[in-house]
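Just below is one structure, and these are the notes that go with it.
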Amino acid sequence: GKRILFAYTAYTSHLNFMATGPSMAPFREELNDYKTGKDTIQFPYHKPLPADLIRRIALHRLNDVNENDAKWMY
407 GKRILFAYTA YTSHLNFMAT GPSMAPFREE LNDYKTGKDT IQFPYHKPLP
457 ADLIRRIALH RLNDVNENDA KWMY
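Now the structure itself:
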């Protein structure tokens, strides 16, 4: 079925990337340099966007949906 994989919002000083908490869990150590919430990561505009990290989180989320039928809300 259809699933939300992730979402994002743009603010004045940062981009907010919203994945699910379980999708972010394996990457928590790599996210230490960023402000995070349960399901969100703030990427400030004054720093280069970590495209590889975002790609890996998104792929982890996609695999979780495909393999475990993971929902957006958990």
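Residue numbers (our numbering): 407 to 480. In this text, a Cβ means the ideal position worked out from N, Cα and C, and glycines have one as well. Note that the structure is predicted; figures quoted are calculated from it, not measured.
Pair within 8 Å by beta-carbon distance, residue i and residue j
i           : j           : result
residue 433 : residue 423 : no
residue 419 : residue 454 : no
residue 473 : residue 459 : no
Exposure label - residue i; buried when at least 16 CB within 10 Å
i           : result
residue 425 : buried
residue 467 : buried
residue 479 : exposed
residue 447 : buried
residue 470 : buried
Residue interval of the beta strand (DSSP E) (run including residue i)
i           : result
residue 447 : 446-450
Residues near residue i in its chain [Cβ-Cβ closer than 7 Å; skip 5 each side]
i           : result
residue 464 : 411, 412
residue 440 : 447, 448, 449
Same chain, Cβ closer than 8 Å to residue i, five either side skipped, listed in chain order
i           : result
residue 445 : 424, 425, 426, 427, 430
residue 457 : none
residue 477 : 409
residue 416 : 422
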